[in-house]
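Below: one structure, written as structure tokens.
Protein chains: 2
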Amino acid sequence: MELTAMKEQLTQLERELHAYGHAMGCLSFDAATVAPSGSSEARGLTLSFLSEKHYAALVNPQVRELLDGLWSRRDELDAATLRRTQLLREDLDELTRIPVEEYAAYARITNESSERWRAAKATGDYAVFEPLLAQVLDYSRRFAGYRDATRPAYDVMLDSYEKGMDSATLDALFSMLRSHLTPLLASHSPSEPPAFLSACCPVESQRALSAYLMQVLGLDGSRCALAETEHPFTQGFSKYDVRITTHYYENAFLSSMYSVIHEGGHALYEQGIADEYQYTALADGASMGMHESQSRFYENLVGRSAGFLRFLAPTLRKLFPEALDGVSDDALLRAANRVEPSLVRTEADEVTYPLHIMVRYDLEKQLVAGTLSTKDLPEAWNALYKEYLGVDVPNHTVGVLQDMHWSEGMFGYFPTYALGSAYASQFMHAMRRDLDVDALLARGELAPITQWLGSHVHRYGKLYPPAVLLERATGEAFQPRYYVEHLQAVLKGC
Amino acid sequence: MELTAMKEQLTQLERELHAYGHAMGCLSFDAATVAPSGSSEARGLTLSFLSEKHYAALVNPQVRELLDGLWSRRDELDAATLRRTQLLREDLDELTRIPVEEYAAYARITNESSERWRAAKATGDYAVFEPLLAQVLDYSRRFAGYRDATRPAYDVMLDSYEKGMDSATLDALFSMLRSHLTPLLASHSPSEPPAFLSACCPVESQRALSAYLMQVLGLDGSRCALAETEHPFTQGFSKYDVRITTHYYENAFLSSMYSVIHEGGHALYEQGIADEYQYTALADGASMGMHESQSRFYENLVGRSAGFLRFLAPTLRKLFPEALDGVSDDALLRAANRVEPSLVRTEADEVTYPLHIMVRYDLEKQLVAGTLSTKDLPEAWNALYKEYLGVDVPNHTVGVLQDMHWSEGMFGYFPTYALGSAYASQFMHAMRRDLDVDALLARGELAPITQWLGSHVHRYGKLYPPAVLLERATGEAFQPRYYVEHLQAVLKGC
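Taken in sequence, the protein lines are chains A and B.
Position one of the first sequence corresponds to residue 1 (the numbering used here), numbered consecutively onward.
Position one of the second sequence corresponds to residue 495 (the numbering used here), numbered consecutively onward.
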């Protein structure tokens with residue numbers, strides 16, 4: 001076949017995969033936002049049908065022949081087409097290596113396991129969940145073997161969320177965090193949370209703040225909608241249609257404020273991917289960690305910075321006059337950067353957050369290696385929370401059952417949260433060479449910052465693996481020390 | 495093939511068609527409710543892909559063979575399977591008879607025509623729209639010929655929205671309406687609209703009223719969600735997931751109140767279709783007119799009845815204390831049943847509404863017959879509004895350009911609105927034989943009423959053509975006189 005015709009077929013294939021993904025994404029977004037509670041079974045039928053079609057569109061002999069054909073002529077391909085071919089071949093290989101029956105069984109088991117986890121979390125009864133977790137773990141380990149039997153299972157799992165990542169790199173990151181942070185935290189006595197943090201801020205005013213923040217972030221509002229859900233998230237159907245969500249608590253205005261900035265960071269990444277990559281395999285973030293780096297960049301390095309908070313303070317006072325009456329810029333700054341070890345990851349401050357990840361990293365490494373059994377997991381969890389964060393776990397609901405990830409077989413996912421923060425600090429370090437970041441933040445002028453990230457990170461989509469993108473953007477390989485230094489500075493400042 | 499296997503294939507086919515329909519429906523609902531404004535082109539790509547898949551799932555030789563095979567053994571089929579086969583064969587025939595190129599060209603032209611109509615409506619410039627309307631009309635006429643060359647084109651069009659309907663039946667309906675209503679209206683002097691109709695009713699209180707009405711209507715809230723859109727509509731993905739929408743105007747609380755009751759009637763129909771018909775070709779209303787009969791039954795025969803309004807009045811006064819302070823039940827009743835000829839169909843009262851339909855019926859019949867040209871349409875429109883409603887049309891925006899239907903090629907659709915009202919009155923007449931309807935309305939006890947409609951209409955879905963369903967439910971063929979009598983009574987009462 002002519003190369004031109006093959007490229008045309010590749011584009012058609014990607015359009016097809018995109019269309020199924022878009023439809024499934026829309027059904028899921030609808031489910032999370034406005035669908036009536038009793039509609040899930042009916043939607044499940046449609047989702048499962050579309051997911052089969054999506055699978056069949058990729059996993060078939062014609063596609064195999066097309067991708068192998070393109071690969072055999074890889075010297076003639078431009079960089080983008082080459083990478084698209086490579087990414088799709090990887091997906092195809094992965095799906096092909098897992099026997100279809102096991103894949104289906106796994107889907108059933110993770111579905112059941114997620115339900116059991118929900119029930120267990122509600123009552124705190126870990127025993128209800130444990131047998132399912134054991135099964136999910138078993139499948140995940142086996143699947144890692146199918147993917148690559150030559151490497152340790154946990155490294156294969158890490159690689160599936162963060163291409164190229166391994167436990168050696170993460171060990172280095174976490175040991176550096178441990179050695180620099182734990183002594184500092186041990187001698188840190190948290191201040192009392194100021195009363196204004198829990199003062200009543202009407203939801204309508206918080207909605208106005210969200211709209212203002214989206215504007216300050218420079219999100220294209222005609223291509224990004226804000227919805228309300230229990231747990232905030234971002235979903236990008238394409239750069240032309242991104243959704244972010246938040247949750248409003250009357251007595252915690254910072255919660256939604258930082259959700260909007262965090263999800264806004266994800267959305268800016270989606271909106272920044274090059275036009276010519278849309279609807280192709282490149283139209284996504286480079287990796288989970290890289291996507292998280294953008295949300296955390298905006299949330300923590302922009303949103304909690306002294307400059308930006310001082311810029312934002314007058315608007316906050318205008319929107320929440322009763323809550324913020326007499327609150328100084330400095331008091332706001334301190335409140336937004338308060339550090340206090342706690343039990344629940346999603347409510348943790350920036351500094352103690354990676355310690356929550358460290359607990360999970362240590363435990364899932366052992367679970368996958370088989371040196372820790374799912375039966376002994378809660379005890380190990382509680383011990384590590386005591387050791388790393390100095391807190392006692394009162395029950396499993398706020399302990400080992402707090403996150404859904406493991407119930408869905410997502411072993412190796414947690415580290416991407418910490419990696420995201422670390423990448424963000426490395427980007428900031430590099431950006432400071434080109435821009436007077438503090439001056440821009442103080443003026444609330446985020447456009448040059450987003451343009452820098454746009455031209456160094458966003459526009460490339462999945463063109464490069466995360467490690468390559470990081471090195472191209474910052475001029476050096478992964479350096480956890482910028483992150484550690486940043487956290488030390490936050491801890492000293494509060 | 496075994497009959498059992500063929501039936502299984504039929505079910506699979508319907509599931510597939512349902513799944514594509516569900517996905518496209520979800521994308522459209524999302525577009526109408528929460529999608530960002532700039533996302534339509536990206537969504538268009540996915541919708542067009544899914545629509546091709548939907549088409550290909552039905553229009554192919556295997557399906558033709560299956561449906562013909564089932565049809566050849568129709569004596570062995572149960573009523574539901576027989577009807578499912580028949581409906582799908584009709585769809586297949588219709589799609590097969592129109593050449594694919596013409597179908598695609600038609601889609602492009604109606605798309606352009608809709609856009610032109612929107613632009614023309616905004617400025618009132620009919621000339622911008624006319625050439626496209628002429629093309630759409632031309633295609634519609636040709637397609638009617640493909641469908642059935644032996645009957646007048648307009649009858650074929652009517653039949654596509656209301657199976658079995660023809661212009662002879664409609665001529666009888668409209669001439670009866672004309673002869674009974676126009677003299678009465680000529681001597682009717684409308685009262686001034688009372689001030690409370692446009693008093694401020696906060697949107698939050700109107701939202702509370704919507705929730706209350708959905709409860710009084712007996713809608714299953716776990717399977718029906720309410721959203722807000724510019725124009726109210728109902729969309730049922732299945733009986734397990736129905737969406738209704740409304741629009742709140744601070745100074746017109748009756749507008750949203752009757753939208754919710756009207757769309758609620760559509761939703762009750764969807765929710766009432768038998769479980770065993772779900773995801774099959776039977777899982778829909780019997781026809782456009784029949785669906786409309788249910789919305790209008792609740793809106794007009796329930797919602798504007800003296801009994802129900804008196805039942806509702808205390809709640810309205812509690813929700814809108816400032817607006818309804820000192821307003822008597824009788825004043826509310828008169829306001830909800832005010833009759834005054836006006837320019838715009840969607841804002842018309844119950845009595846003058848069918849005259850708006852009559853104008854469109856007369857005009858589209860002539861357009862399709864070729865006795866009226868699209869160039870002369872505005873003049874003819876204005877003349878008929880003067881003749882039937884006694885009003886002068888000041889500009890085309892509120893005149894011939896007010897509705898989008900013709901721009902989308904929906905010739906023959908308007909009469910279903912009037913038919914719906916007429917069916918509703920015939921159902922009410924029959925229901926009164928079995929139930930003390932007035933006593934139930936006065937107690938706000940709608941369950942027995944909905945149960946009657948459920949067992950006589952809703953549960954059958956598309957099992958029967960509308961005329962058969964009507965006769966089975968009411969014991970007689972279509973009788974427009976119940977509708978005319980009802981409108982006369984309303985007119986006399988106000």
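Beta carbons: idealized from backbone N, C-alpha and C, even for Gly.
- When 7 Å is used as the limit between beta carbons, Thr46 (chain A) is near these residues of chain B: Ala513, His516 and Ala517, in chain order.
- His456 (chain A) and Tyr464 (chain A) have their C-alpha atoms spaced approximately 11 Å apart.
- Around the beta carbon of Pro555 (chain B), fewer than 16 other beta carbons sit within 10 angstroms, so the residue counts as exposed.
- For Phe237 (chain A), the enclosing beta strand (DSSP E) covers residues Thr234 to Ser238.
- In the three-state DSSP reduction, Asp587 (chain B) falls in the helix class (H, G or I).
- Any Cβ of chain A closer than 7 Å to the Cβ of Ala551 (chain B) would place that residue at the interface, and such an atom is absent.
- Rounded to whole angstroms, the separation of the alpha carbons of Val100 (chain A) and Val63 (chain A) is 17 Å.
- Excluding its 5 nearest sequence neighbours in each direction, Trp565 (chain B) has C-beta neighbours in its own chain below 7 Å: Thr579 and Arg583, listed in chain order.
- In the assembly as shown, His516 (chain B) is a buried residue. Its beta-carbon has 16 or more other beta-carbons within 10 Å.
- In terms of Cα proximity to Tyr743 (chain B), the closest of B:Asp870, B:Gly730 and B:Glu698 is B:Glu698.
- For Gly461 (chain A), the closest of A:Ser191, A:Arg223 and A:Lys239 by C-alpha to C-alpha distance is A:Lys239.
- Listed along chain B is no residue with a C-beta nearer than 9 Å to that of Cys200 (chain A); the closest approach is about 18 Å.
- C-alpha of Thr280 (chain A) to C-alpha of Ala274 (chain A): approximately 11 Å in a straight line.
- Rounded to the nearest whole angstrom, the C-alpha separation of Asp823 (chain B) and Trp900 (chain B) is 41 Å.
- The beta carbon of Ala526 (chain B) sits closer than 6 Å to the beta carbons of Thr723 from its chain, once the five residues preceding and following it are set aside; these are given in chain order.
- Using a Cβ-Cβ distance cut-off of 8 Å, the segment 93-113 of chain A and the segment 134-150 of chain A are in contact, since at least three pairs of beta carbons, one from each stretch, lie closer than that value.
- Legend: CB atoms of the segment 161-190 of chain A lying less than 8 Å from CB atoms of chain B are not found in any residue.
- Taking a beta-carbon distance threshold of 7 Å, Ser750 (chain B) does not count as an interface residue toward chain A.
- Look at Arg927 (chain B) here: in three-state DSSP terms it is helix.
- In the structure shown, the three-state DSSP call for Asp735 (chain B) is strand.
- Contact of Leu27 (chain A) with chain B is assigned, a C-beta pair being separated by under 7 Å.
- Here Asp220 (chain A) is near Gln271 (chain A), since their CB atoms are less than 7 Å apart.
- The beta carbon of Leu707 (chain B) sits closer than 8 Å to those of Met751, Val754, Ile755 and Gly758, all from its chain and outside the five residues before and after it, given in chain order.
- Chain-ordered listing is empty here: chain A has no CB closer than 9 Å to the CB of Ala924 (chain B), the nearest sitting near 32 Å.
- By the criterion of at least three beta-carbon pairs nearer than 8 Å, the segment 825-838 of chain B is in contact with the segment 846-863 of chain B.
- With a threshold of 16 other beta carbon atoms within 10 Å, Arg443 (chain A) falls short and is exposed.
- Taken through DSSP and simplified to helix, strand or coil, Cys694 (chain B) comes out as coil.
- Rounded to the nearest whole angstrom, the C-alpha separation of Ser533 (chain B) and Ala369 (chain A) is 46 Å.
- Look at the beta carbons and you see the segment 477-492 of chain A not touching the segment 501-509 of chain B: under three pairs across the two are nearer than 8 Å.
- Gly307 (chain A) is positioned such that its CB atom lies no closer than 7 Å to that of Leu87 (chain A).
- For Glu65 (chain A), the uninterrupted alpha helix (DSSP H) segment begins and ends at Pro61 to Ser72.
- Listed along chain B are Gly532, Ser533, Glu535 and Ala536, each with a C-beta nearer than 8 Å to that of Tyr240 (chain A).
- Apart from the 5 residues on each side of it in sequence, Arg811 (chain B) sits with its Cβ closer than 7 Å to the Cβ of Leu818 in its chain, given in chain order.
- Within the same chain, Val128, Phe129, Leu132 and Ser407 come within 8 Å of Arg116 (chain A) by CB-CB distance, once the 5 residues on both sides are set aside.
- Between Arg558 (chain B) and chain A, the shortest Cβ-Cβ separation is not below 7 Å.
- Beyond the five residues adjoining it in sequence on each side, Gly903 (chain B) comes within less than 6 Å, by CB distance, of Thr604, Val630 and Ser634 in the same chain, given in chain order.
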